[in-house]
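Here's the structure, in structure tokens; my notes come after.
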Amino acid sequence: MKTIKFFLATLILSMTFISCSDNNDDPIVISENPLEDFNMLISFKANNHSVEIYSEQQQFSVGYNELFFRIKDDASDNYITNADVTWKPIMHMTSMMHSCPNSMVSKTNDTSVYTGYTVFQMPGNLDEYWELTIEYTVEGQTYNATERIEVNAPTDGKKTVNVFMGSDDTRYVLAMMPMTPEVAVNDFSAKLFKMENMMSFPAVKNYKVHIDPRMPSMGNHSSPNNEDLIFDTSSDTYMGKLSLTMTGYWKINLKVENETGEVLKGEDITEENESSSLFFELEF
């Protein structure tokens, strides 16, 4: 993930005085936006405020989305710091509404920047769409801002999220974490949630996600030194190792087990069964 830029104005100004000379009168421009290296996905107005949402991605996308946002007071043209913030993404379907897995909102080291993640299970369309509501409290005053957002399928068309009914009659959401694949043994991780109801998707702990990467175009061969995904308590993330022995298209076959070893979804790969019903995809 790109590092949010934080600027020490006092230090830069002092350095400016030291380095200035008669031969260099050009002013030094100091950026005021700590998210300038990110993409602004949307900006909208509510309550005489402007809400700006940023991401490394180019769009809101099906799957895992790490988001950053700022709230500007339009009257003073200053960004609001240290607000208490919550959010809720809602999918408006033709006959129902539901939410999706999402984190709590937290502050970053820059007190005007807030962050969290969402896992969108499906894209929007002309008739069915996502809305994002942000509730924030500033100096005892609570505000709500709601805006329609365009959630699209991944630009590369690859599958990075699975929504499935387990053998325990519970619906789950399994999302691959972003990665930059290399011909190597890569760190590999995913997040797993269960649907308590249409609006609640708590994280699932202490299960196990078996992985079996295959290259369908190369005789469905696998790779050595893979490690299944085990739950990491410090990050609420399932972490393991993914071995990629060459570039190209890989299907990462999955099998999810609960804490007692019961298989909830997914199948082993055999000569008769070349793919699991549960899988991620990547190509590089």
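Note that our numbering has the sequence shown beginning at 1388, numbered continuously upward. Glycine included, every Cβ here is placed at the ideal spot set by N, Cα and C.
Go to residue i, then tell me how far its beta strand (DSSP E) extends in each direction, as first and last residue.
i: Met-1626; result: 1624-1631
i: Pro-1541; result: It is not in any beta strand (DSSP E) - Pro-1541 carries neither H nor E in the DSSP assignment.
i: Leu-1641; result: 1636-1644
i: Asp-1460; result: 1450-1460
i: Glu-1658; result: Counting along the chain, Glu-1658 falls outside any beta strand (DSSP E), and DSSP gives it neither H nor E.
i: Leu-1519; result: 1516-1525
i: Glu-1668; result: 1666-1670
i: Phe-1431; result: 1426-1433
i: Ala-1562; result: 1558-1563
i: Val-1500; result: Careful: Val-1500 lies outside any beta strand (DSSP E) and carries neither H nor E.
i: Thr-1549; result: First, the residue type needs correcting, since residue 1549 is Asn and not Thr in the sequence shown. It spans 1548-1552 - the beta strand (DSSP E) in which Asn-1549 sits, taken as one unbroken run.
What separation, rounded to the nearest whole angstrom, lies between the Cα atoms of residue i and residue j?
i: Pro-1488; j: Ser-1463; result: 35 Å
i: Lys-1628; j: Thr-1567; result: 13 Å
i: Pro-1600; j: Glu-1443; result: 26 Å
i: Glu-1423; j: Lys-1546; result: 29 Å
i: Ala-1540; j: Glu-1668; result: 14 Å
i: Glu-1670; j: His-1597; result: 20 Å
i: Ser-1362; j: Ile-1656; result: Nothing can be reported for residue 1362, as the shown portion of the chain is limited to 1388 through 1671.
i: Asp-1514; j: Thr-1481; result: 7 Å
i: Val-1492; j: Lys-1642; result: 31 Å
i: Asn-1612; j: Arg-1457; result: 42 Å
i: Thr-1495; j: Pro-1603; result: 42 Å
i: Asp-1471; j: Thr-1520; result: 14 Å
i: Glu-1654; j: Asp-1619; result: 24 Å
i: Ser-1499; j: Lys-1595; result: 38 Å
i: Glu-1646; j: Ile-1639; result: 22 Å
i: Gln-1446; j: Ser-1610; result: 33 Å
For residue i, count neighbouring Cβ atoms within 10 angstroms of its own Cβ and tell me buried if that reaches 16, exposed if not.
i: Gln-1508; result: buried
i: Lys-1686; result: Outside the shown range of the chain, which is 1388 to 1671, sits residue 1686, and nothing can be said about it.
i: Ile-1440; result: buried
i: Ala-1562; result: buried
i: Thr-1505; result: buried
i: Met-1605; result: exposed
i: Val-1570; result: exposed
i: Gly-1450; result: buried
i: Ser-1587; result: exposed
i: Lys-1592; result: exposed
i: Lys-1432; result: exposed
i: Ile-1617; result: exposed
Reducing DSSP to helix, strand and coil, say where residue i ends up.
i: Pro-1568; result: coil
i: Met-1478; result: strand
i: Ile-1417; result: Since pLDDT at Ile-1417 reaches only 41, below the 50 mark, its modelled position is unreliable, and the value read off the structure follows with that caveat. Ile-1417: coil per DSSP, three-state reduction.
i: Ser-1604; result: helix
i: Glu-1443; result: coil
i: Glu-1614; result: strand
i: Asn-1411; result: Residue confidence is low: Asn-1411 scores 47 on pLDDT, short of 50, so the model does not pin down where it sits. No coordinate-derived value is stated.
i: Tyr-1466; result: strand
i: Gln-1508; result: coil
i: Thr-1620; result: coil
i: Asp-1599; result: strand
If contacts are defined as beta-carbon pairs under 8 Å, then residue i and residue j qualify, I think. What distance do you get, rounded to the angstrom?
i: Val-1673; j: Ser-1430; result: For the chain, the structure presents residues 1388 to 1671; residue 1673 sits outside this window and is missing.
i: Gly-1675; j: Val-1538; result: For the chain, the structure presents residues 1388 to 1671; residue 1675 sits outside this window and is missing.
i: Val-1650; j: Glu-1644; result: 6 Å
i: Glu-1518; j: Thr-1542; result: The pair is not a contact, with the Cβ atoms about 22 Å apart (cut-off 8 Å).
i: Asp-1461; j: His-1436; result: 6 Å
i: Tyr-1559; j: Phe-1575; result: Their Cβ separation, rounded to whole angstroms, is 19 Å, which puts Tyr-1559 and Phe-1575 out of contact at 8 Å.
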